[in-house]
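Chains as they are written, first to last, in our numbering: chain A, 1 to 245; chain B, 246 to 567; chain C, 568 to 840.
One structure is given below, encoded as structure tokens.
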Amino acid sequence: MILELDQVTVTFSTGPPLRRRALHAMRDVSLHVGEGETLGLVGESGSGKTTTGRVALGLRRPTSGTVSFEGRPFGRRRRELAGRMQAVLQHPHWSLNPRMRVGRSVAEPLVVLGRAERGEVREMLEQVGLEAELADRYPHELSGGQRQRVSIARALITRPGFIVFDEAVSALDVSVQVQILNLIKDLQADFGFSALFISHDLGAVRYVADRIAVMRGGEVVETADTETFYTSPAHDYSKQLLRAL
Amino acid sequence: MSPLLVVDRLAVDYRANGRTVRALDGADLEVAAGETVGIVGESGSGKSTLGAAIGRLLPRTARVDGGVIRVAGESLFELAPADLRRVRRERLGFVFQDPIASLDPTMRVGRQLTLVLGRGTGSGDVAAHLDRVKLDARTARSYPHELSGGMAQRVAIAMAMAGEPELLVADEPTAALDSQVREEVLDVVFSLAATTGTGIIWLSHDLAAVARRCSRVAVMYGGRVVEQGPAAEVLGRPAHPYTAALAGSAPATAARGTRLEPVPGRPPMLTGPSDGCSFAPRCAFVIDRCAHERPPAVRVGDQDVLCHRAGEPATIGQGATT
Amino acid sequence: MRRPLDLLSKGGLGCLLALVAFALGSTVDLAGDPDAIVGPRLAPPGPEWWMGTDNLGRSMLPRVMEGVGTTLLLSCTAVLLTAAVSAAFGILAGYRGGYLNEVVLRLVEVLYSFPAIVLAVLVAAVLGPGQFAALASIVLVTIPLMTRLVRAAAVGVSQRDYVTAAVISGARLPRILGRHVLPNVAGTIAVQGTYALSVGISVEGGLSFLGFGVQPPQASLGVLIRQGGSYMIAAPWLIIGPGTVLVVAILAINVFGDGLRDRLEPRETRSLT
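Written out as structure tokens, the structure is:
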């Protein structure tokens, strides 16, 4: 078991002072991601899937419940997880620092760990189907699909055991989406990482995931093998998502 | 009777920093009164430029490099400002992608509607227009930021439809909304348009979604409409290789365990008129002619297709794997 | 992505550079010694003294040159200080949020609530009149707006995915702020810097005009206008010369700042394309 969320609840307080209200972004969410497995997480905005991603990455501490990574509960410091867990995030436009050359962005996770970069950047760019020469370009010279490939290269460079893809293809053109989804599948076969694939698009999730969890209103309403989501999901809401495809 | 909207060989360039980008490269489109047409294309295909051009709403960096648009017989680019305003007011309505940004944040919804409806509008009229988009009359007292995305888009639709236009241009009106709300908003648009006899041009990147709602579909690529015809035909038996690729590349269409083979490469960025077919570099059926001869419109079944090999058995129905 | 400056702001920049060159001229006494008495008192502009002479018979041209230099130097130094302080606090408050953010915002609001000239006079009253008071006044007057805008920009940048990705990779605070946040708010700092410069020039002018800033015999635009004010009817050129330069300087900086803003911070214009 690479990642396990056990009865995780996250509560935000919102509203003006004196009239604060508690908002449950996650309510008793239990999920697990197995070795080499891709867990898909489907839900709409406000369903709590983004918060779930942040909790899985150790960016947000749960209000209650435990999160364990590789069998051990998260430590107090986020840095302990550095390099072993990475993310590919939503917006290709903002996923790379516009003031940094692509190569430096890709190398950053290595530099942060204090490791020297010895040709890994070029190697990794080629792995994700880009020319090594792109390392010297700035992000604005790249297309959305290319930028998302660069994000994937950056996530893979420390050879992490676990990667979170948060809406990683949602902002891309349809014909490019499939290119990236295929790339993720191929890289997973090569590198053997586990993944949490978060998206509002059941079609994309179904295409890459081994198992799928459906979230709504902060709760997981159904978890089942991907197979189920081609034919007959149990929960009404899952059925509705399937119909909308 | 002539069609409500005619776009004929429209070419539009954007110029910035001494660079020219060709957004439309001879686009043709016809929409009859009351017809619902979906325009499908990826980013850079020119669909938004086409949508904006229909209201002569192009940004200042744009330049029309040829072609005409006729709305109810009037040539849009030759109209005097007063006539243009009249055409926009009486015949056209627009709905955009970001509903909250399209409303004035400093004004209550009711007041904005009143402005659109004109002088002498009572609160009853406002309530009636809100009711048409299935909103409570109390919504009139809200400011745009107090509304959800779906509600704001309904207000925008109520405003666009207030003058009962003959044609509603909707540019990705549901892209910012959740799937459930999306369906509700589309229900509102299409049922309202059906009662007022308004034609719809719906710009989208989602071929399947468009085909479910619209009677006709036009597929854009490289600034041209490469295929248009009845929705079911275009989706089910695409005659242009690009349409076929698009229909077959949505992850949702993949059967369990199959691997989709997307078209390699990415959409072109034209800097001037294309010499041949702009899809040629990515096309599996490319022949010599494609690179240097612009394909003319060919009739295949019920579809108009811009492809040199249109109608050849090898190119038909590819990728329509559903 | 990078667009060139438009013609107007290029003109502003040219004007500004010309003023700097004009001011540099005084360091080599290009137009003569600003303190030397060269002719009759209150002589109108003529071939020997292009901008006339003052009440002591000193040629105005070298005095205006020196004045522009003093004013620009003072304002630039102050703006650099403002930029450094605002960048540090704005970025930290914007990225960290929470308690620090509240403290910075409240402090800034307190400063902001004083009208500029009242604040400047207050500072001069505490520190005593002089160049240092003028410098401190400009810094205090320009800090609130710049800090607020840098903070707002930093809040936006902090939410971007590349910052999150750096945090996930385990980057420490100095790296995140220095490599990711600062370079992406630098445009805001530069643009606000130009506006702060024009505010600085007018604060110096006002303060010295009131007699709390730069002290004669050293010339600054404010000092010259103050001195010219006494002879406004008899010798209007005493006030027209430095006054025009002041207006031109502020106008040039603002026009240049607008161009810089359009180039560095292109607003997300809702185009229909």
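All C-beta atoms in this analysis are idealised placements derived from N, C-alpha and C, irrespective of residue type, glycine included.
Keep in mind that this is a model prediction, so the values were computed, not measured.
Assigned exposure category for residue 120 of chain A - 16 Cβ within 10 Å defines buried: Position 120 of the first sequence, counted from the start, is the residue given in the question as residue 120 of chain A. With 16 or more Cβ atoms within 10 Å of its Cβ, residue 120 of chain A is classed as buried.
Buried versus exposed, by CB contacts within 10 Å (16 or more), residue 374 of chain B: Sequence index remark: in the second sequence, residue 374 of chain B carries index 129 (1-based). The residue in question, residue 374 of chain B, is buried, as its Cβ has 16 or more Cβ neighbours within 10 Å.
Stretch-stretch touch, CB-based, cutoff 8 Å, three pairs: the segment 641 to 651 of chain C with the segment 766 to 773 of chain C: yes
Straight-line gap, residue 238 of chain A to residue 429 of chain B (C-alpha atoms, nearest Å): Locating residue 238 of chain A in the first sequence gives position 238, counting from the first residue. Locating residue 429 of chain B in the second sequence gives position 184, counting from the first residue. Roughly 18 Å between the two C-alpha positions.
DSSP-derived helix/strand/coil call for residue 646 of chain C: Taking the third sequence and counting its residues from 1, the one referred to as residue 646 of chain C is at position 79. If DSSP states are grouped into helix, strand and coil, residue 646 of chain C belongs with the helices.
Integer-rounded CB distance, given that residue 254 of chain B should sit under 8 Å from residue 516 of chain B: If you number the second sequence from 1, residue 516 of chain B lands on position 271. If you number the second sequence from 1, residue 254 of chain B lands on position 9. Incorrect: roughly 19 Å between the Cβ atoms, too far for contact.
Separation of residue 690 of chain C from residue 614 of chain C, as counted between CA atoms: Counted from its first residue, the third sequence places residue 614 of chain C at position 47. Counted from its first residue, the third sequence places residue 690 of chain C at position 123. Using only the alpha carbons, I get a separation of about 42 Å.
Short Cβ contact (7 Å threshold) for residue 6 of chain A with residue 63 of chain A: For the purposes of this step, residue 6 of chain A is identified with residue 6 of the first sequence, where counting begins at 1. For the purposes of this step, residue 63 of chain A is identified with residue 63 of the first sequence, where counting begins at 1. No.
Beta carbon proximity, residue 736 of chain C to chain A, threshold 7 Å: Counted from its first residue, the third sequence places residue 736 of chain C at position 169. Closer than 7 Å to some Cβ of chain A, the Cβ of residue 736 of chain C qualifies, so yes.
Residue 269 of chain B versus residue 467 of chain B - alpha carbon distance: What you label residue 269 of chain B is simply residue 24 of the second sequence in a count that begins at 1. What you label residue 467 of chain B is simply residue 222 of the second sequence in a count that begins at 1. If you take the alpha carbons of residue 269 of chain B and residue 467 of chain B, they lie about 7 Å apart.
Euclidean distance between Cα positions of residue 262 of chain B and residue 576 of chain C: Position 17 of the second sequence holds residue 262 of chain B. Position 9 of the third sequence holds residue 576 of chain C. The straight-line gap from Cα to Cα measures roughly 16 Å.
Positions along the segment 443 to 471 of chain B whose CB lies within less than 7 Å of some CB in chain A: 450
Proximal chain B residues relative to residue 230 of chain A, where beta-carbon distance stays under 8 Å: For this step, residue 230 of chain A is matched to residue 230 along the first sequence. The contacting residues are 500, 501.
6 Å Cβ shell around residue 401 of chain B - same chain, five flanking residues per side excluded: In the second sequence, the residue the question calls residue 401 of chain B occupies position 156. Answer for residue 401 of chain B: 340, 344, 347, listed in chain order.
CA-to-CA distance, residue 177 of chain A to residue 145 of chain A, given in whole angstroms: Within the first sequence, numbered from 1, the residue matching residue 145 of chain A stands at position 145. Within the first sequence, numbered from 1, the residue matching residue 177 of chain A stands at position 177. Straight-line Cα distance between these residues: approximately 8 Å.
Simplified DSSP assignment, three categories, for residue 563 of chain B: Position 318 of the second sequence, counted from the first residue, corresponds to residue 563 of chain B. Only weak support exists for where residue 563 of chain B lies, its pLDDT of 47 falling under 50; the coordinates are left without a value.
Pair within 7 Å by beta-carbon distance, residue 27 of chain A and residue 219 of chain A: By one-based count along the first sequence, residue 27 of chain A stands at place 27. By one-based count along the first sequence, residue 219 of chain A stands at place 219. Their beta carbons are under 7 Å apart, which means residue 27 of chain A touches residue 219 of chain A by this criterion.
Proximal residues of chain A, C-beta to C-beta of residue 728 of chain C below 7 Å: The sequence position of residue 728 of chain C within the third sequence is 161, counting from 1. What residue 728 of chain C touches in chain A: 89, 90, 91, 94, 95.
Beta-bridge pairing of residue 252 of chain B - partner residues as DSSP gives them: Walking along the second sequence from the start, residue 252 of chain B turns up at place 7. Paired residues: B:274, B:314.
Minimum C-alpha distance to residue 630 of chain C - residue among C:707, C:602, C:705: Walking along the third sequence from the start, residue 630 of chain C turns up at place 63. Closest by alpha carbon: C:602.
Beta-carbon spacing of residue 167 of chain A, residue 199 of chain A below 7 Å: The residue you call residue 167 of chain A lines up with position 167 of the first sequence. The residue you call residue 199 of chain A lines up with position 199 of the first sequence. In this structure, residue 199 of chain A lies closer than 7 Å to residue 167 of chain A by Cβ.
Inter-residue spacing [alpha-carbon to alpha-carbon] between residue 40 of chain A and residue 226 of chain A: As a working mapping, residue 40 of chain A is identified with position 40 in the first sequence. As a working mapping, residue 226 of chain A is identified with position 226 in the first sequence. The alpha-carbon atoms of residue 40 of chain A and residue 226 of chain A are separated by roughly 9 Å.
CB contact below 7 Å: residue 508 of chain B versus chain A: Locating residue 508 of chain B in the second sequence gives position 263, where the first residue counts as 1. Answer yes: the Cβ-Cβ gap between residue 508 of chain B and chain A drops below 7 Å somewhere.
Segment contact, 8 Å Cβ cut-off, at least three pairs: the segment 393 to 400 of chain B with the segment 10 to 25 of chain A: no
Nearest-angstrom Cα separation, counted from residue 452 of chain B out to residue 536 of chain B: The sequence position of residue 536 of chain B within the second sequence is 291, counting from 1. The sequence position of residue 452 of chain B within the second sequence is 207, counting from 1. Roughly 27 Å between the two C-alpha positions.
Partners in chain A for residue 751 of chain C, counting only beta-carbon separations shorter than 8 Å: Against the third sequence, residue 751 of chain C aligns to sequence position 184. Within 8 Å Cβ-Cβ: 97, 98, 99.
Neighbour flag for residue 391 of chain B against chain A, beta carbons, 7 Å: For the purposes of this step, residue 391 of chain B is taken as residue 146 along the second sequence, with counting starting at 1. So no, residue 391 of chain B is outside the interface.
Contact check, residue 406 of chain B vs residue 291 of chain B, beta carbons under 7 Å: Taking the first residue of the second sequence as position 1, residue 406 of chain B is located at position 161. Taking the first residue of the second sequence as position 1, residue 291 of chain B is located at position 46. No, they are not a contact pair.
Minimum Cβ-Cβ distance from residue 79 of chain A to chain C less than 7 Å: Along the first sequence, one-based indexing puts residue 79 of chain A at 79. Output row for residue 79 of chain A: interface = yes.
Residues in the segment 13 to 45 of chain A having any Cβ partner in chain B nearer than 9 Å: 44, 45
Length-filtered (4 minimum) alpha helix (DSSP H) runs lying within the segment 423 to 491 of chain B: 424 to 441, 452 to 458, 476 to 481
Residue 329 of chain B versus residue 357 of chain B: straight-line alpha-carbon distance, rounded: Translated into the one-based positions of the second sequence, residue 329 of chain B becomes position 84. Translated into the one-based positions of the second sequence, residue 357 of chain B becomes position 112. Each residue's alpha carbon lies about 22 Å from the other.
Residues that residue 259 of chain B bridges to, as DSSP identifies them: On the second sequence, position 14 is the one that residue 259 of chain B refers to. DSSP lists B:266, B:307 as partners of residue 259 of chain B.
Within chain A, the residues that residue 494 of chain B reaches when beta carbons sit closer than 8 Å: Position 249 of the second sequence, counted from the start, is the residue given in the question as residue 494 of chain B. What residue 494 of chain B touches in chain A: 174, 175, 177, 178.
Assigned exposure category for residue 588 of chain C - 16 Cβ within 10 Å defines buried: For the purposes of this step, residue 588 of chain C is taken as the residue at position 21 of the third sequence. Label assigned to residue 588 of chain C: exposed.
Nearest to residue 820 of chain C (by Cα), restricted to the options C:793, C:801, C:757: Here the question's residue 820 of chain C lines up with position 253 in the third sequence. If we check each option's Cα against that of residue 820 of chain C, C:757 comes out closest.
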